[in-house]
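J.:
2 protein chains.
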Amino acid sequence: MEELTIGEVAKRAGIRASAIRYYESVDVLPAPSRINGRRRYDARVLERLAVIQIAQQAGFTVAEIRTLFNGFAAETPASARWEILAQQKLVEVDAVIRRAQAMKRVLEEELLHCRCLTLDECARCILEEGESDKLFF
Amino acid sequence: MEELTIGEVAKRAGIRASAIRYYESVDVLPAPSRINGRRRYDARVLERLAVIQIAQQAGFTVAEIRTLFNGFAAETPASARWEILAQQKLVEVDAVIRRAQAMKRVLEEELLHCRCLTLDECARCILEEGESDKLFF
DNA sequence: GTACTATTTAAAGTGGACTTTAAGTCAAGA
DNA sequence: TCTTGACTTAAAGTCCACTTTAAATAGTAC
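Chains as they are written, first to last, in my numbering: chain A, 32 to 168; chain B, 32 to 168.
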């Protein structure tokens with residue numbers, strides 16, 4: 032079994048050593064053995080980091096990743112853990128997409144079509160709760 | 032002209048008084064006159080707040096809103112200010128949408144289809160830079 | 001006059017995922 | 001031996017848009 036220093040793990044995983052220490056501090060990575068006070072990792076830590084990274088790509092927070100690893104009964108299969116967490120996260124991600132699309136609509140359909148000379152004029156367009164959205168700007 | 036206390040402005044604008052003080056501190060709202068040390072606002076502040084609010088809906092940061100108000104030559108029309116800022120912001124918002132859609136894809140097409148028993152097994156699927164994405168999970 | 005509410009300020013707190021800093025320890029190469 | 005360079009820790013800093021807190025002052029209602 033390969034033994035790695037924190038620097039080697041960081042390089043192979045493409046992250047900073049400080050991130051690895053942080054994960055340990057928030058119980059997302061288990062504390063490794065030590066040699067003369069230095070952390071010494073089994074190569075399997077790279078698998079754990081790969082799972083952390085894909086979870087982050089999917090939008091999971093560190094707290095949720097901790098739940099993924101430590102928040103289920105030991106016999107709960109990985110597939111079931113992902114399913115529970117991913118269903119919740121999908122709701123959030125959909126909300127993010129909708130919010131961003133709403134911003135895009137305001138930018139394209141209102142702000143980019145503005146014909147006002149002054150921002151005060153814009154304000155009056157906004158504040159008039161007018162009949163036609165098209166005339167706001 | 033109507034004169035308003037900070038509390039009245041807050042109520043009418045639907046925000047907290049602390050937000051109004053914050054906007055003043057970051058130069059997004061001009062400092063109002065004072066009576067016995069208390070801020071006293073002209074009703075036109077409500078127009079300014081309306082502009083701030085629509086800018087926020089469009090995803091602008093406070094720094095960008097400050098630019099909108101204070102970062103252009105005085106003769107620059109509102110329409111041109113919006114256009115410059117909105118073009119930039121659209122790029123960012125599109126990036127947000129794409130990132131969120133990528134998350135959604137990982138959630139739906141990878142994590143929700145996981146059949147692994149253990150997370151270690153997941154890791155091996157991820158780490159194999161395999162020929163078929165479909166078999167990752 | 002008394003109570004209650006609104007206001008004032010500066011400074012600290014919030015959340016999230018780290019990074020940076022400071023000060024010290026340890027190991028390997030010339 | 002000396003000098004890098006990597007490692008250790010705890011604590012503070014980062015970004016952002018505010019909110020909260022504390023302690024003091026001012027205005028309003030009775």
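We put the CB at the ideal spot given by N, CA and C, even for glycine.
Just so we're clear, the structure is a prediction, and the values are computed from it rather than from any experiment.
Is CYS147(B) near ALA86(A), with beta carbons less than 8 angstroms apart?
T.: It is not a contact, given that the beta carbons lie outside the stated cut-off.
J.: Tell me the residue span of the alpha helix (DSSP H) that contains LEU121(B).
T.: 109-136 is the span of the alpha helix (DSSP H), which, as asked, contains LEU121(B).
J.: Is the segment 92-112 of chain A close to the segment 133-141 of chain A, with three or more CB pairs under 8 angstroms?
T.: With the cut-off at 8 angstroms, the segment 92-112 of chain A and the segment 133-141 of chain A do not touch.
J.: Give the interface partners of LYS135(B) over in chain A, defined as CB-CB distance under 8 angstroms, in chain order.
T.: Neighbours of LYS135(B) on chain A, chain order: LEU121, VAL124, ASP125 and ILE128.
J.: Anyone know if the C-beta pair for ALA48(A) and LEU143(B) falls short of 8 angstroms?
T.: No, they are not a contact pair.
J.: Hey, is GLY90(A)'s beta-carbon within less than 8 angstroms of any beta-carbon in chain B?
T.: Closer than 8 angstroms to some Cβ of chain B, the Cβ of GLY90(A) qualifies, so yes.
J.: With a CB to CB cut of under 8 angstroms and the five nearest residues on each side skipped, what residues in its chain are close to GLU95(B)?
T.: So the qualifying residues of the chain are ALA86, LEU116 and LYS120.
J.: Starting from the C-beta of ILE51(A), find all residues in its chain whose C-beta is less than 7 angstroms away, skip the five residues before and the five after it, and write them out in chain order.
T.: So the qualifying residues of the chain are ILE37, VAL40, ALA41 and LEU60.
J.: Looking at GLU78(B) and ARG155(A), is the spacing between their C-beta atoms short of 8 angstroms?
T.: Yes; because the gap between Cβ atoms is below 8 angstroms, this pair is in contact.
J.: Tell me the DSSP secondary structure of ASP151(B) in three-state form.
T.: Helix at ASP151(B).
J.: Considering only residues of the same chain and omitting the five flanking positions on each side of ARG65(A), which have a CB-CB separation below 8 angstroms?
T.: Answer for ARG65(A): ARG71, listed in chain order.
J.: May I ask you to report which of helix, strand or coil DSSP gives LEU35(A)?
T.: Strand, per DSSP.
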